[in-house]
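>
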Amino acid sequence: MEKTKTSFQLCGVNVNFYDSEGNWTGSQWFVTDAPTLSSCQVFQTIVKWNLSQAGYTVTAE
11 MEKTKTSFQL
21 CGVNVNFYDS
31 EGNWTGSQWF
41 VTDAPTLSSC
51 QVFQTIVKWN
61 LSQAGYTVTA
71 E
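In case it helps, our numbering puts the sequence shown at residues 11 to 71.
(1) Does Asn33 come out as helix, strand or coil in the three-state DSSP assignment?
(2) Ignore the nearest five residues each way along the sequence and tell me which others in Asp43's own chain have a CB closer than 6 Å to its CB.
(3) State yes or no: is the C-beta of Ser49 nearer than 8 Å to some heavy atom of the ligand PLP?
(4) Rank Trp59, Gly22 and Lys13 by C-alpha distance to the C-alpha of Phe40 and give the top, closest one.
(5) DSSP on Thr46, reduced to helix/strand/coil?
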């Protein structure tokens, strides 16, 4: 049986969540397989857009 190797280029966004008083309430990773840097950047933009559509205020720090 021949073995094949598969490589993945993982792309992730770590999101920290805060309550209305600015207290940290948790974090979550959003991860995908992104073959290029540009596709990773698109994924990160989509994560931010989805969070804003869900009612979250999104800032980059």
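Just so you know, even glycine gets a beta-carbon here, dropped at the ideal spot from N, CA and C.
Reading off the structure:
(1) coil
(2) Phe18
(3) Absence of the ligand PLP from the depicted structure is noted, as is the absence of any ligand whatsoever, leaving it without description.
(4) Gly22
(5) coil
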